[in-house]
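In order, the protein sequences belong to chains F and D.
Just so you know, we're using the numbering used here here: the first sequence kicks off at 1 and counts up by one.
Just so you know, we're using the numbering used here here: the second sequence kicks off at 1001 and counts up by one.
Beta carbons are placed, not taken as given, at the ideal position from N, Cα and C, and that holds for glycine.
A quick write-up on the structure given underneath.
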Amino acid sequence: MFLLRRFTSFFTVIFGVLLLTFLLIHVVPGDPVEVMLGESASMADREALRTELGLDQPLLQQFGSYLSKLGHGDFGHSIHTKSPIIDLVKTRYPATVKLALLSLLIGLVIGIPMGIYAALKASHWQDFVVTIVSVRLSAMPAFWLGPVLMLIFAVWLGWLPVSGMESNTSIILPAITLGFGLSAILTRMTRTSLLEVLNDDYIRTARAKGLSERVVILRHALRAALLPIITIVGLQMGSLLAGTVITETIFSWDGIGRLLVESIEKRDYPVTQACVLVVALSYVVVNLCTDILYKLADPRVRDSGIRTVS
Amino acid sequence: MKFFSYSILVCWLLAVLAGYLLQLNPNTIDLNVILHGPSIEHWFGADDLGRDILARILDGVEVSLVVALTVTLITMLIGILVGMLAGFYGGKADAALMQVTDIFLAFPGILLAIAFAAVLGPGLSNLILALCLTGWVSYARLTRGQTMSLRNRQHVQAAESLGAGVPRLMFRHILPLMTSVLVVEATYSLASVMIAEASLSFLGLGIQSPNASWGAMLRDGVRFMLVAPHYVLIVGACLMSLILAINLGGDYLRDKLDVKRETE
């Protein structure tokens, strides 16, 4: 029942996302063809592009053919390079996924231990420091953290490459830039969620059984406390994906975010449209997976088959 | 922390005021000081055209605050109206609204604002429009939830049975009870709109040269980072300090007004 409802809303949202990205090109003030090609373009070129984009047809029909083209994996052609957009996306998308996954890993590796530490030191000064730092660092935008990291580690210390993606170490700085905010949020969530669990009866039982504190925390408390973390990670994947736009621009990382910015600069709107669509769809799919994973991971839901309020 | 937050805010207010009184010229080009570091004449150094960075920062903070206030105000008005109607009446309209907000929220972060700003073209009014188009959703959801829970309070039902009309119920009996939640939310959103504005300007989608904007300054700073690291560091530090101060102010209001936020 839960799955059915979740899938229905999944498909309506997908439909809405498609509709909104489709409408994007119609928001362009004036004639989109003229904006894209510039005023000096010949009449014939304009008409050709208008026909290719289907802008001469009724809106509903345009949307229909847009959907059917997408269904066949056809994103149209780039106005600038004339190459099929699907090829551009295919070369750029993996770089973004790689970056996002590494940032996620960094976020988890820093965030969860810090959260545990803060929870164990609750209301000591260590907890206070960790909390203040994590609450406020999560608001640190990439265009500030990125340059600072670049200055310190690439320019002054010379340990890592400044930008580009030639060497294997190029990914480290952009990944830290992206993962940092995530780690701060995870620290906060792990702390809160662990503190809630630590007062439960079964933790007292575990301690009373004479289990070592290490086992109590890691095996008993953390397992329950990590459940809400799944949801947070899923939700944060969104800001991670959006964050790639700026981070990739700063570090010249050739992912989908940079492709988006480049296409905007060249007024290559079909590419812009495709990038926005791909990022949004990834986010929707990640969210769906998170939801399902969460339901599967929670034994209260898995075993009873009843949807509990989470 | 409270003191810290206030002092930063007061410093910024004084700085903006001083900028007015001193009539600094953010657009004066001096080719002799291009990318020079901080000095007595130019406290924060000069940018790639030899313009005074301090003057441009003070010019930029005004724009930033104007955008943040305008966007917050507009999105709040739209969000409150839509959210209250949906929460009050419920039913099909409400379900449809939730569907629409779901779709808007399917675009992560500022992606949709980037997309709108890209097709609308650069400029201050388009920047505000792009941020408004995407910003009203969270207010609508917040207001809807609040309205639904307040709708069944006894005082609302009492007023209803005494014959109060819908507008009176909504604006006299329900809205006042959620002001504190909205005020706290608005404070935080000031900060996030400022970040969004800086992000869009950083990508070249916001305020255009020669007008000063922190995002555009950061972009130039990154470009000239190797020769003039002070540029990006100073502008970034200014932005961070202001955002930190606003967020801490939000924390203070939240505790003072005893508001529990859903996201925490």
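* Check the Cβ-Cβ distances between Thr-308/F and every residue of chain D, and say whether any is below 8 Å. => As a position in the first sequence, residue 308/F is number 308, starting the count at 1. Low confidence applies here, because Thr-308/F scores a pLDDT of 41, under 50, leaving its location unreliable; read the following figure in that light. Not an interface residue.
* Taking C-beta pairs closer than 7 Å, name the residues in chain D that Tyr-283/F reaches, listed in chain order. => Working through the first sequence from its first residue, we reach residue 283/F at position 283. Under the 7 Å cutoff, chain D gives Ala-1106 and Pro-1108.
* **Simplified DSSP assignment, three categories, for Val-13/F** => Taking the first residue of the first sequence as 1, we reach residue 13/F at position 13. Helix at Val-13/F.
* Exposed or buried, His-1042/D, counting other C-beta atoms within 10 Å across all chains shown (16 or more means buried)? -> Counted from its first residue, the second sequence places residue 1042/D at position 42. Burial call: buried.
* Looking at the structure shown, is Ala-280/F part of a helix, part of a strand, or coil, going by DSSP? -> Within the first sequence, residue 280/F is the residue found at index 280, counting from 1. It is helical.
* Asked: Would Ile-250/F pass as a contact of Gly-146/F if the rule is Cβ separation under 8 Å?
  -> Indexing the first sequence from 1 puts residue 250/F at position 250. Indexing the first sequence from 1 puts residue 146/F at position 146. Cβ atoms of Ile-250/F and Gly-146/F: closer than 8 Å.
* Take the Cβ of Arg-1141/D as the centre, count every other Cβ of all protein chains shown within 10 Å, and call the residue buried at 16 or more, exposed below. => Counting from 1 along the second sequence, the entry for residue 1141/D is found at position 141. By the neighbour-count rule (16 or more Cβ atoms within 10 Å), Arg-1141/D is buried.
* Asked: Are the C-beta of Leu-1226/D and some C-beta of chain C separated by less than 8 Å?
  -> Looking at the structure shown, chain C is missing, and the protein chains on hand are F and D.
* Environment of Met-43/F [buried if 16+ CB atoms lie within 10 Å] -> Position 43 of the first sequence holds residue 43/F. The residue in question, Met-43/F, is exposed, as its Cβ has fewer than 16 Cβ neighbours within 10 Å.
* **Cβ-based burial, His-220/F [other Cβ within 10 Å; buried from 16]** => Position 220 of the first sequence holds residue 220/F. Flag for His-220/F reads buried.
* To do: Going by DSSP, name the residue or residues bridged to His-26/F.
  => Along the first sequence, one-based indexing puts residue 26/F at 26. According to DSSP, which records beta bridges pairwise, His-26/F is partnered with nothing at all.
* Does the region 197 to 209 of chain F come close enough to the region 152 to 172 of chain F that 3 or more CB-CB pairs lie under 8 Å? -> no
* Asked: Who are the near neighbours of Ile-1078/D in its chain, counting only those whose CB is closer than 7 Å to its CB and skipping five residues on each side?
  -> Translated into the one-based positions of the second sequence, residue 1078/D becomes position 78. Closer than 7 Å at Cβ, skipping near neighbours: Trp-1136.
* From Asp-1220/D to Val-1232/D, what does the alpha carbon distance come to, in whole angstroms? -> To locate residue 1220/D, count along the second sequence from 1; it is residue 220. To locate residue 1232/D, count along the second sequence from 1; it is residue 232. Each residue's Cα considered, the two are about 8 Å apart.
* Asked: chain F beta carbons: is any one of them nearer than 8 Å to that of Ile-1078/D?
  -> In the second sequence, counting from the first residue as 1, residue 1078/D sits at position 78. It does not; no Cβ of chain F falls within 8 Å.
* To do: Starting from the Cα of Leu-88/F, find the closest Cα among Ala-100/F, Asp-74/F and Leu-101/F and give me that residue.
  => Position 88 of the first sequence holds residue 88/F. Minimum Cα distance to Leu-88/F is reached at Asp-74/F.
* **Whole-angstrom distance between Ala-95/F and Val-261/F, CA atom to CA atom** => Locating residue 261/F in the first sequence gives position 261, where the first residue counts as 1. Locating residue 95/F in the first sequence gives position 95, where the first residue counts as 1. Rounded to whole angstroms, Val-261/F to Ala-95/F spans 15 Å at the Cα level.
* Below 7 Å CB to CB, which residues in the same chain sit around Asp-1129/D once its five sequence neighbours on both sides are set aside? => For the purposes of this step, residue 1129/D is taken as residue 129 along the second sequence, with counting starting at 1. Asp is not the amino acid found at residue 1129/D; the sequence shown has Leu there. Once the five neighbours on either side are set aside, the close Cβ partners of Leu-1129/D are Leu-1120.
* Examine the Cβ distances between the region 3 to 14 of chain F and the region 284 to 295 of chain F and report whether three or more of them are shorter than 8 Å. => Yes, the region 3 to 14 of chain F is in contact with the region 284 to 295 of chain F.
* To do: Report all residues from its chain with a CB closer than 7 Å to the CB of Val-1071/D; omit the five preceding and five following residues, and keep chain order.
  => What you label residue 1071/D is simply residue 71 of the second sequence in a count that begins at 1. So the list reads Ile-1128, Leu-1131, Cys-1132, Gly-1135 and Val-1193, once near-sequence residues are dropped.
* Give a yes or no on whether the C-beta atoms belonging to Ser-183/F and Ile-110/F are separated by under 8 Å. => Position 183 of the first sequence, counted from the first residue, corresponds to residue 183/F. Position 110 of the first sequence, counted from the first residue, corresponds to residue 110/F. Taking 8 Å as the cut-off, the beta carbon of Ser-183/F is found closer than this to the beta carbon of Ile-110/F.
* To do: Note down the Cα distance separating Phe-1116/D from Asp-201/F, rounded to an integer number of angstroms.
  => Taking the second sequence and counting its residues from 1, one reaches residue 1116/D at position 116. Taking the first sequence and counting its residues from 1, one reaches residue 201/F at position 201. Their Cα atoms are separated by approximately 52 Å.
* To do: Would you tell me roughly how many angstroms separate the C-alpha atoms of Val-1067/D and Arg-1168/D, rounded to the nearest one?
  => As a working mapping, residue 1067/D is identified with position 67 in the second sequence. As a working mapping, residue 1168/D is identified with position 168 in the second sequence. In a straight line, the C-alpha of Val-1067/D is about 32 Å away from that of Arg-1168/D.
* **Range covered by the alpha helix (DSSP H) that runs through Lys-1092/D** => On the second sequence, residue 1092/D is found 92 positions in, with the first residue counted as 1. Taken as a continuous stretch (DSSP letters only), the alpha helix (DSSP H) holding Lys-1092/D covers 1091 to 1105.
* Asked: Quick one: what's Asp-1210/D bridged to in DSSP?
  -> If you number the second sequence from 1, residue 1210/D lands on position 210. With the sequence shown as reference, residue 1210/D is identified as Pro, and Asp is not the correct amino acid for it. DSSP output for Pro-1210/D lists no bridge partner at all.
* Asked: In this structure, does DSSP put Asp-1048/D in helix, strand or coil?
  -> For the purposes of this step, residue 1048/D is taken as the residue at position 48 of the second sequence. It is coil, neither helix nor strand.
* With a 10 Å radius around its C-beta and 16 neighbouring C-beta atoms as the bar for buried, classify Asp-31/F as buried or exposed. => Here residue 31/F refers to the residue found at position 31 of the first sequence. It counts as exposed.
* **Status (buried if at least 16 other CB within 10 Å, exposed otherwise) for Phe-15/F** => Taking the first sequence and counting its residues from 1, one reaches residue 15/F at position 15. By the neighbour-count rule (16 or more Cβ atoms within 10 Å), Phe-15/F is not buried but exposed.
* **Cutoff 8 Å: Thr-247/F Cβ touching any chain D Cβ** => For this step, residue 247/F is matched to residue 247 along the first sequence. No - not a single Cβ of chain D is within 8 Å of the one on Thr-247/F.
* Supposed contact pair Thr-190/F and Ile-112/F - C-beta distance, whole angstroms, cut 8 Å -> In the first sequence, residue 112/F corresponds to position 112, counting from 1. In the first sequence, residue 190/F corresponds to position 190, counting from 1. Indeed they touch by this definition, with Cβ atoms about 5 Å apart.
* Asked: Along the region 138 to 166 of chain F, what residues have a CB closer than 9 Å to any CB found in chain D?
  -> Ala-139, Met-140, Pro-141, Ala-142, Phe-143, Trp-144, Leu-145, Gly-146, Pro-147, Val-148, Met-150, Leu-151, Val-155, Trp-156 and Val-162
* When you compare only the Cα positions, how much space is there between Ser-134/F and Ala-118/F? -> The count along the first sequence starts at 1 and reaches residue 134/F at position 134. The count along the first sequence starts at 1 and reaches residue 118/F at position 118. Distance between the alpha carbons of Ser-134/F and Ala-118/F is about 11 Å.
* **Euclidean distance between Cα positions of Leu-101/F and Leu-281/F** => Sequence index remark: in the first sequence, residue 101/F carries index 101 (1-based). Sequence index remark: in the first sequence, residue 281/F carries index 281 (1-based). Cα to Cα, the separation comes out at about 17 Å.
* Asn-1247/D - containing alpha helix (DSSP H), residue span -> Looking up residue 1247/D in the second sequence gives position 247. Looking at the DSSP string, the run of the alpha helix (DSSP H) that includes Asn-1247/D is 1229 to 1257.
* Mind reading off the beta-carbon distance from Ser-252/F to Ser-167/F? Whole number of angstroms is fine, and I expect it under 8 Å. => Counted from its first residue, the first sequence places residue 252/F at position 252. Counted from its first residue, the first sequence places residue 167/F at position 167. Their Cβ separation, rounded to whole angstroms, is 13 Å, which puts Ser-252/F and Ser-167/F out of contact at 8 Å.
* When DSSP labels each residue in this structure, what does Pro-1167/D get in the three-state scheme? -> As a position in the second sequence, residue 1167/D is number 167, starting the count at 1. Residue state, collapsed to three classes: helix.
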